[in-house]
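Written out below as structure tokens is the structure these notes cover.
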Amino acid sequence: MLTLNLKSFYQKHFLNKRLEPSVWTLNATNNFMKIEKTESNADFEQIVQLITEARNRTFRQINAELVKLYYEIGRTVSGRVAEGKWGEKTVDELAAFIKSRMPELKGFTRRGLYRMKQFYETYSPESECFQVWSQTRKSKLPEIVSPAGTQLQSEDVQENSFLLVVLSKVSWSNHLQILSGSKPPEEKIFYLLLSIKENYTKRELERQIDSGIFERTMLGNQKLSTVLREIHPNVENALRDKYIFEFLDLPEMHSESDLQKALIVNFKKFILEIGKDFAYLGEGYRLQVGNEDFYLDLLFYHRDLQCLVNFELKIKKFKPEFLGKLNFYLEALDRDVKKPFENPSIGVLLCKGKDDTVVEYALARNLSPAVIADYETKLPDKKLLEAKLDEFTQLIEQMKDE
2 MLTLNLKSFY
12 QKHFLNKRLE
22 PSVWTLNATN
32 NFMKIEKTES
42 NADFEQIVQL
52 ITEARNRTFR
62 QINAELVKLY
72 YEIGRTVSGR
82 VAEGKWGEKT
92 VDELAAFIKS
102 RMPELKGFTR
112 RGLYRMKQFY
122 ETYSPESECF
132 QVWSQTRKSK
142 LPEIVSPAGT
152 QLQSEDVQEN
162 SFLLVVLSKV
172 SWSNHLQILS
182 GSKPPEEKIF
192 YLLLSIKENY
202 TKRELERQID
212 SGIFERTMLG
222 NQKLSTVLRE
232 IHPNVENALR
242 DKYIFEFLDL
252 PEMHSESDLQ
262 KALIVNFKKF
272 ILEIGKDFAY
282 LGEGYRLQVG
292 NEDFYLDLLF
302 YHRDLQCLVN
312 FELKIKKFKP
322 EFLGKLNFYL
332 EALDRDVKKP
342 FENPSIGVLL
352 CKGKDDTVVE
362 YALARNLSPA
372 VIADYETKLP
382 DKKLLEAKLD
392 EFTQLIEQMK
402 DE
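Under our numbering, read the sequence shown as residues 2 to 403, first letter to last.
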């Protein structure tokens, strides 16, 4: 990793310092000093918060500058190699030259320089990834250039926007994970945007890639019911077709209560799997309808969709009759719990298995926004997930052609 003066300042003044906000006062009666909590502690906590926020901003700024530097170095190396001016020997000489001039720098070995070249070529304006991002981004670029501007100017503006809005907001370690762990350009853009949205650490992102969250999310998008799409137009990417709970230490034969307790015990990992937009409201959430009490397994609020989401756990394969109880719960939530400004509640049936044809029939005339997903307690085979996604995508395209 590159060593800069800014980074040294950051490490010296933020990483290696601890603030002890204790107030020492003299106790005249006992004639000794002791720590007493005072109202100043609130001010001290505020100062600690300011330091933390400044530290985080500094780290983000350092990372953004590093990513932009690596991108520009990658552009130069890629261009010289493409022109035939540089070969492998020249890149080795460049690495040696940098080391001789700046021996304190790390990451500029032959391997590191080729990674920067790969990074640039993967996301350059000529790349498939850049085209995918250009087509799928939600907000338009500000009209910096006039319609009479050249195409080159337009591409420059778009490249700069991609670099500032997306690439520079992902840590270099996460970039390396995405470069090595994903294949199609759509998958790479998916993980870039998800890393920004969920603020993943390196370990969290590695887990998401290993669990095939891209394939599972895309399959989930394609299987969303018409009712759910109409009620929640922005539901895509919020729910999965399959959930992976490899972090649960459960025997093969377990009860719904065992599953519920294990998810709560591993709550942080559970939230990582379902998404950080889910705010937890409670387990065994009580609903009173008439003179009877009913209890929901897990109740959440989704910040983006602005609605309640009820997860019902089933340790059996999906059966159509499961939908009846779920619809009843959703009706009770919308009548008695949902606030006027919130959107209709969503129900997620989490089953130990399902038959996609049975699910399709069951949802065909269902009027509630519901998702039927299954779960596994082991990491899936990514190749099988990729094959399943390809197969399902081809089927959808055939149906469109017909």
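Built from N, CA and C at the ideal position, the CB exists for glycine as well.
Here Ser181 is exposed, its C-beta having fewer than 16 other C-beta atoms within 10 Å.
By the Cβ neighbour-count rule, Gln178 is buried, with 16 or more other Cβ atoms within 10 Å of its own. Residue environment: Pro370 is assigned as buried (16 or more neighbouring CB atoms within 10 Å of its CB, all protein chains considered). For Leu95, the enclosing alpha helix (DSSP H) covers residues Glu89 to Arg102.
For Asp337, the closest alpha carbon among the candidates Tyr286, Leu225 and Asp391 is that of Tyr286. Classified as exposed, Gly85 has fewer than 16 neighbouring CB atoms from the shown chains inside 10 Å of its CB. With fewer than 16 neighbouring CB atoms inside 10 Å of its own CB, Arg58 falls in the exposed class. Cβ contact annotation for Ala333 (same chain, cutoff 6 Å, sequence separation greater than five): Leu288 and Val290, in chain order. In the DSSP annotation of this structure, the continuous segment of the beta strand (DSSP E) that includes Val349 starts and ends at Asn344 to Cys352. Within the stretch 234-286, the runs of beta strand (DSSP E) that reach at least 3 residues and sit entirely inside it are, in chain order, 243-245. Partner residues in a beta bridge of Lys107, as assigned by DSSP, do not exist. Ranking Val171, Leu225 and Asp375 by CA distance to the CA of Lys315 puts Asp375 first. Distance from the CA atom of Glu105 to the CA atom of Phe98, rounded to whole angstroms, is 13 Å. DSSP links Asp382 through a beta bridge to no other residue. Approximately 32 Å separates the beta-carbon atoms of Lys90 and Ser169; this is outside 8 Å, ruling out the contact. Here Gly325 is exposed: its Cβ has fewer than 16 other Cβ atoms, across all protein chains shown, within 10 Å. For the pair Leu114 and Val171, the CB atoms are not nearer than the 7 Å cut-off. Linking Leu299 to Tyr362 through their CA atoms gives a straight-line distance of about 26 Å.
The beta-carbon separation of Ser212 and Ile245, rounded to 5 Å, stays under the 8 Å limit for a contact. Leaving aside the five residues that flank Asn267 on each side, the residues in its chain whose CB is nearer than 7 Å to its CB run, in chain order, Phe248 and Leu249. Only residues of its own chain outside the window of five on either side were considered, and among them Lys203 have a CB closer than 7 Å to the CB of Ser174, listed in chain order.
Non-local C-beta neighbours of Glu237 in its own chain, meaning closer than 8 Å and more than five positions away in sequence, comprise Asn222 and Leu225, ordered along the chain. Glu127: not part of any beta strand (DSSP E); DSSP gives it neither H nor E.
Taken through DSSP and simplified to helix, strand or coil, Gln136 comes out as helix.
Tyr192 is positioned such that its CB atom lies no closer than 7 Å to that of Phe120. At the C-beta level, Leu368 and Ser346 stay beyond 7 Å of one another.
Looking at the DSSP output, Tyr376 sits in a beta bridge with Tyr244.
Residues of the same chain with a CB within less than 8 Å of the CB of Asn292, apart from the 5 flanking positions on each side, do not exist. A distance of 7 Å or more separates the beta carbons of Phe312 and Lys355.
Listed in chain order, the non-local C-beta contacts of Ile272 below 8 Å within the same chain comprise Phe279 and Tyr281, local neighbours out to five positions each way being set aside. Taking 7 Å as the cut-off, the beta carbon of Ile74 is found closer than this to the beta carbon of Met117. Shown here, Lys318 sits in a strand according to DSSP, grouped into three states. Burial check for Gln62: the Cβ neighbour count within 10 Å stays below 16, so the residue is exposed.
With respect to the 7 Å criterion, Arg111 and Ala96 are classified as neighbours on the basis of their beta carbons.
CA-to-CA, the gap between Asp259 and Ile265 works out to about 10 Å. Within 10 angstroms of the beta-carbon of Gly283 lie fewer than 16 other beta-carbons, which makes it exposed.
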